[in-house]
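Trainee: Take a look at this one; I'll ask things after.
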Amino acid sequence: MPSPSPVLLPDRSAYLLAVEEARNAAAAYYGGGDSPLDDATFDRLVSDIAAYEQQHPDHLSADSPTGKVAAGALTEGMVVHATPMLSLGNVYDAEELAGWAKSLGKRLGASPRGLHASPKMDGLAIAAHYRDGKLVRLVTRGTGTTGDDVSHAIGTIDGLPAELSTPVSVEVRGEVVLLQSRFEEANRIRTTHGGAPFSSPRNAASGSLRATGRDYVIPLSFYGYGLLSTTDDRPDRPIREAMTHTDLMKELGSLGIQTAGDTPVGTLTSPLLKDVQAYVEKVADQRSALDVGIDGVVIKADHPGDQAAAGSNSRAPLWAIAYKLPSLEVTSTLTAATWTTGRTGNLAPRGEVLPVDIEGVSVQFATLHNPSMITKLGLRIGDRVVVRRAGDVIPQILGPVVSARTGEEKPIELPTLCPNCAGEIDTSQERWRCLKGRGCNLPASITYAVQRDVLHIEGIGPKIVARLVEQEAVQDVADLFTLTRGQLIEATGSEKTAAKLLERIETAKQQPLSRVFCALGVRGTGRSMSRRLAAHFGSMAAIQAASAAELCQVEGIGAEKSALVIGELAELEPVIAKLGAAGVNLTEPDRNIPAAAAVAPGSAGDTTPPLAGLTVVATGAMTGRLETLSRSGMNELIERAGGRAGSSVSKSTSLVVAGEKAGSKKAKAEALGVSVIGPDKFAEMISAYL
Ligand code: IVH
Numbered sequence: 001m002p003s004p005s006p007v008l009l010p011d012r013s014a015y016l017l018a019v020e021e022a023r024n025a026a027a028a029y030y031g032g033g034d035s036p037l038d039d040a041t042f043d044r045l046v047s048d049i050a051a052y053e054q055q056h057p058d059h060l061s062a063d064s065p066t067g068k069v070a071a072g073a074l075t076e077g078m079v080v081h082a083t084p085m086l087s088l089g090n091v092y093d094a095e096e097l098a099g100w101a102k103s104l105g106k107r108l109g110a111s112p113r114g115l116h117a118s119p120k121m122d123g124l125a126i127a128a129h130y131r132d133g134k135l136v137r138l139v140t141r142g143t144g145t146t147g148d149d150v151s152h153a154i155g156t157i158d159g160l161p162a163e164l165s166t167p168v169s170v171e172v173r174g175e176v177v178l179l180q181s182r183f184e185e186a187n188r189i190r191t192t193h194g195g196a197p198f199s200s201p202r203n204a205a206s207g208s209l210r211a212t213g214r215d216y217v218i219p220l221s222f223y224g225y226g227l228l229s230t231t232d233d234r235p236d237r238p239i240r241e242a243m244t245h246t247d248l249m250k251e252l253g254s255l256g257i258q259t260a261g262d263t264p265v266g267t268l269t270s271p272l273l274k275d276v277q278a279y280v281e282k283v284a285d286q287r288s289a290l291d292v293g294i295d296g297v298v299i300k301a302d303h304p305g306d307q308a309a310a311g312s313n314s315r316a317p318l319w320a321i322a323y324k325l326p327s328l329e330v331t332s333t334l335t336a337a338t339w340t341t342g343r344t345g346n347l348a349p350r351g352e353v354l355p356v357d358i359e360g361v362s363v364q365f366a367t368l369h370n371p372s373m374i375t376k377l378g379l380r381i382g383d384r385v386v387v388r389r390a391g392d393v394i395p396q397i398l399g400p401v402v403s404a405r406t407g408e409e410k411p412i413e414l415p416t417l418c419p420n421c422a423g424e425i426d427t428s429q430e431r432w433r434c435l436k437g438r439g440c441n442l443p444a445s446i447t448y449a450v451q452r453d454v455l456h457i458e459g460i461g462p463k464i465v466a467r468l469v470e471q472e473a474v475q476d477v478a479d480l481f482t483l484t485r486g487q488l489i490e491a492t493g494s495e496k497t498a499a500k501l502l503e504r505i506e507t508a509k510q511q512p513l514s515r516v517f518c519a520l521g522v523r524g525t526g527r528s529m530s531r532r533l534a535a536h537f538g539s540m541a542a543i544q545a546a547s548a549a550e551l552c553q554v555e556g557i558g559a560e561k562s563a564l565v566i567g568e569l570a571e572l573e574p575v576i577a578k579l580g581a582a583g584v585n586l587t588e589p590d591r592n593i594p595a596a597a598a599v600a601p602g603s604a605g606d607t608t609p610p611l612a613g614l615t616v617v618a619t620g621a622m623t624g625r626l627e628t629l630s631r632s633g634m635n636e637l638i639e640r641a642g643g644r645a646g647s648s649v650s651k652s653t654s655l656v657v658a659g660e661k662a663g664s665k666k667a668k669a670e671a672l673g674v675s676v677i678g679p680d681k682f683a684e685m686i687s688a689y690l
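Number 262 in our numbering belongs to position 262 of the sequence shown; there are no gaps in the numbering.
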């Protein structure tokens, strides 16, 4: 059968009606909704219009779909959201949250049947259109009514598969983010290709998603928080509009999509506002340690009936709210960069910024990481920079705000010689290092080694260390253990002090491996990593013999760090041999079952360590038997007694040991219902380990 020839539209009004029909169909189609016309009918309609226009060029309507992208439904690259992508109202504290919950209750005439809380990811919202299980279009939120078509990014976003586990037609909504751990890599890729660096992960996510025609890909991730049916979905599917948000999230997950619940903080469903508040506290507590940027918590009425009853205004649903948390990232101005050589010989650049407040702490200094980072980011003095402070770690400069440059910025000068000894530096690695390595800032590495929570040789302070180094009595950490009376008298000027120090040095030979290992100053390891290595391997020889793969079994060690540790241990071999020869203990006493515990009164042969399975946070100044313990001493004790030492309090904390002047952590524990005990009670609990 020959294809039907275009039926000429009879008159101008028929033409205008046809134009309107085609435009509506195109808007619905390109909006991700369902077109009232099938493809063939639509095509025929457009060719009728075109035929009419050929005969009546003077009647041409500006709305005509002919010759236009998406049949003129959009300006190029724009897509209409069939269901608008709304925004959210904000609350900033518990009181405001309670106020929102109250007004929701009023609207519903009853308490909501359930509340759902999930992390608010700091990225950009997108809609992913799946047709018969295949990802066919990606659209940014844009104005909420129309967004940009970014379908070119299909296949490059983790957590947003090109194909679902079931061939359904749905619209998935969620946030596209760049993980913190990929930010550095993203900037490396970008600057290597001549692009300006991104100032923050959020900025990088949005820039990368929009970019087309690049010959490199920046790895983004997706976290879903919404699921809508489209009308061509299979009729045997559950009606999503009648599902609770909790169930929708489960369905998203089973379709193969990563959801907000897949972040380490998970989600919460509860009818109780106090549970939501505790969840907000938990997220606030944990987020700085997470790879995904979280800037708040989104709280929603879980039940579809409650959602419908509460309704929406033109901007935001009234059944959901964003609880915003203070930003961990702020902008400031980089005013100077200074260089020091640390105890391991690494050169450390430090940036000075105009003081800014991040979560109540004034930040003035931030690490600039390493020289290659400075060059790759193209950082300049005078730049506006994004600074991030996360938990207890040193604040970091993430990157410059290139668009804010005035032209007055000055380059950062990189050192050509070691800032400490003016000797040559090794610039072949990312981290520059003085050629003298640990020997460059020997006083710093020895002072570190004798500290209370490392070898604990009291009485050897920076002054005596400086003299011992000057005398050349100490050239590495092992030399401490072979110091003679004469050398100590020379350094201290006192026979009595020298005798006392000799005794303490003798005692220090019995320190557990974790501390001796720490004293070596192996790059890439600190106190807690040394404890983990010692506990895992049990002896220095075993750590030295470990392969990269074996090292990687220790929490916090990956491919890069294992290679570094192996190199360091090879370099330190002569020092380790000297330690052994001097009679220093190089083994870890069985960390969870000390001999004393087995015979301790009350333990009755029970060798399960008292803190097994518990996360314990110590805060405030310790008293009584624990008086001499620093924070790191307490952490060591907690770990020896089988527990896990935490630094911040959350719902998952098992116990808080609150000493004198304990502040916000104690208060938080009480608010969350976490047990709080004093130092005396704790000392009793773990007395066998003291
Ligand atoms: S629900 C109609 N859940 O926050 C409500 N939004 O400030 C739709 N966002 O535009 C949003 N994480 O881009 C929801 N777990 C989450 C979210 C989330 C991040 C973003 C989203 C939204 C913005 C509102």
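Note that beta-carbon positions come from the ideal geometry of N, C-alpha and C, so glycine has one too.
1) For Thr-269 and His-116, which I take to be in contact (beta-carbon distance under 8 Å), what is that distance rounded to the nearest angstrom?
2) Can you give me the C-alpha to C-alpha distance between Gly-33 and Thr-230, rounded to a whole angstrom?
3) Check this for me: beta carbons of Val-584 and Lys-509, under 8 Å apart or not?
4) Express the C-alpha separation of Arg-438 and His-152 in angstroms, rounding to a whole number.
5) In three-state terms, what does DSSP make of Thr-497?
6) Hey, could you find the ends of the beta strand (DSSP E) Phe-365 is sitting in?
7) Counting only runs that start and end within the segment 279–317, where is the alpha helix (DSSP H) found for 4 or more residues in a row?
8) For His-129 and Arg-137, I'd like the C-alpha separation in whole angstroms.
9) Pick out the complete alpha helix (DSSP H) segments inside the segment 396–462, 4 residues or longer, and give them in chain order.
10) Since Ile-505 and Leu-483 are thought to touch, with beta carbons under 8 Å apart, how far apart are those beta carbons, to the nearest angstrom?
11) Taking 7 Å as the cut-off, is the CB of Gly-226 close to at least one heavy atom of ligand 1?
12) Would Val-706 and Pro-119 be called neighbours here (beta carbons separated by less than 8 Å)?
13) Mind checking if Ser-652 is an interface residue toward chain C, Cβ cutoff 8 Å exclusive?
14) Comparing alpha-carbon positions, which option in Ala-618, Val-172, Thr-341, Ser-47 lies nearest Ala-127?
15) Counting pairs of beta carbons, one from the segment 471–486 and one from the segment 416–432, are three or more of them closer than 8 Å?
16) Assuming His-303 and Gly-105 are in contact, meaning their beta carbons sit under 8 Å apart, how far apart are those beta carbons, in whole angstroms?
17) For Ile-189, which three-state DSSP category applies?
18) Compare the Cα-Cα distances from Gly-620 to each of Ala-491, Pro-589, Ala-125, Glu-660 and report the closest residue.
19) Leaving out five residues on either side along the sequence, give the residues of the same chain with a beta carbon under 6 Å from the beta carbon of Arg-287.
20) Examine the Cβ distances between the segment 318–329 and the segment 84–98 and report whether three or more of them are shorter than 8 Å.
21) Only counting the same chain, and skipping five residues up and downstream in sequence, which positions put a Cβ closer than 7 Å to that of Arg-315?
22) Just to confirm the assignment: which complete beta strand (DSSP E) runs, minimum length 3, are found wholly within the segment 135–174?
23) Spatial neighbours of Lys-282 within its chain, please: CB distance less than 7 Å, with the 5 preceding and 5 following residues excluded, ordered by chain position.
24) From this set, Ile-257, Gly-305, Arg-388, which residue's C-alpha is nearest Pro-201's C-alpha?
25) Rounded to whole angstroms, what is the Cα-Cα separation between Leu-414 and Pro-349?
26) For Ala-309 versus Arg-107, is the C-beta distance shorter than 8 Å?
27) Taking the straight line between their C-alpha atoms, what separation do you get for Glu-458 and Ser-630?
28) Locate the beta strand (DSSP E) running through His-129, then write down its first and last residues.
29) Which residue from Val-46, Arg-12, Pro-10 puts its Cα closest to that of Ala-25?
30) Between the C-alpha atoms of Gly-261 and Leu-164, what's the straight-line distance to the nearest angstrom?
31) Quick one: using the 10 Å Cβ neighbour count with 16 as the cut-off for buried, is Pro-601 buried or exposed?
32) Please list, in chain order, all residues of the same chain as Pro-84 whose beta carbon is under 7 Å from its beta carbon, the five residues on each side excluded.
33) Mind checking whether the beta-carbon of Arg-107 lies closer than 7 Å to any heavy atom of ligand 1?
34) Which one or two residues does DSSP pair with Leu-646 in a beta bridge?
35) Could you name the residues of the same chain whose beta carbon sits closer than 6 Å to that of Lys-668, not counting the 5 residues immediately before and after it, in chain order?
36) Among the candidates Ala-205, Leu-160, Gly-351, Pro-167, whose CA atom is the shortest distance from the CA of Ser-181?
Mentor: According to the structure shown:
1) 5 Å
2) Reliability of the predicted coordinates at Gly-33 is poor, the pLDDT of 49 falling under 50, and no value is obtained from them.
3) yes
4) 50 Å
5) helix
6) 361–367
7) 304–310
8) 5 Å
9) 442–450
10) 6 Å
11) yes
12) Nothing can be reported for residue 706, as the shown portion of the chain is limited to 1 through 690.
13) Absent here is chain C; the protein component of the structure consists of one chain.
14) Val-172
15) no
16) Not a contact, Cβ separation roughly 13 Å.
17) helix
18) Glu-660
19) Ile-294
20) yes
21) Leu-86, Ser-87
22) 146–148
23) Val-265, Ser-650, Lys-651
24) Arg-388
25) 9 Å
26) yes
27) 14 Å
28) 124–131
29) Val-46
30) 18 Å
31) Interpretation of Pro-601 is limited by its pLDDT of 38, a score under 50 that renders its predicted location unreliable; no figure is taken from the coordinates.
32) Gly-144, Thr-145
33) no
34) The amino acid occupying residue 646 in the given sequence is Gly; Leu does not appear at that position. Val-617, per the DSSP bridge assignment.
35) Val-649
36) Ala-205
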